[in-house]
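Quick note, my numbering runs 4 ahead of the 1-based positions in the sequence shown. Beta carbons: idealized from backbone N, C-alpha and C, even for Gly. All values reported here derive from a predicted model rather than from experimental measurement.
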Amino acid sequence: MITKALKVALLIAGFLALNTQVQAQKFGYLNSALLLSEMPEVKVMRSNLEGFRTQLEKKGK
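Here is the structure:
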């Protein structure tokens with residue numbers, strides 16, 4: 005009876021150990037600067053800001 009309980013306990017411990025390893029592999033790296041630079045909205049706003057900067061430079065001269 006004790007060996008059966010020991011086997012069950014070891015089996016549960018093994019599953020918990022595998023679960024921990026699987027969760028550890030879910031983390032990654034994201035280059036947020038590259039992601040933002042590739043977004044179409046950012047490209048549109050960058051061109052809008054360039055136009056606004058040009059207007060301000062002309063107004064200042």
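If contacts are defined as beta-carbon pairs under 8 Å, then residue 53 and residue 46 qualify, I think. What distance do you get, rounded to the angstrom? The pair is not a contact, with the Cβ atoms about 10 Å apart (cut-off 8 Å).
Indicate the three-state DSSP secondary structure (helix, strand or coil) for residue 34 in the structure shown. coil
Through-space distance from residue 38 to residue 50, alpha-carbon basis: 14 Å
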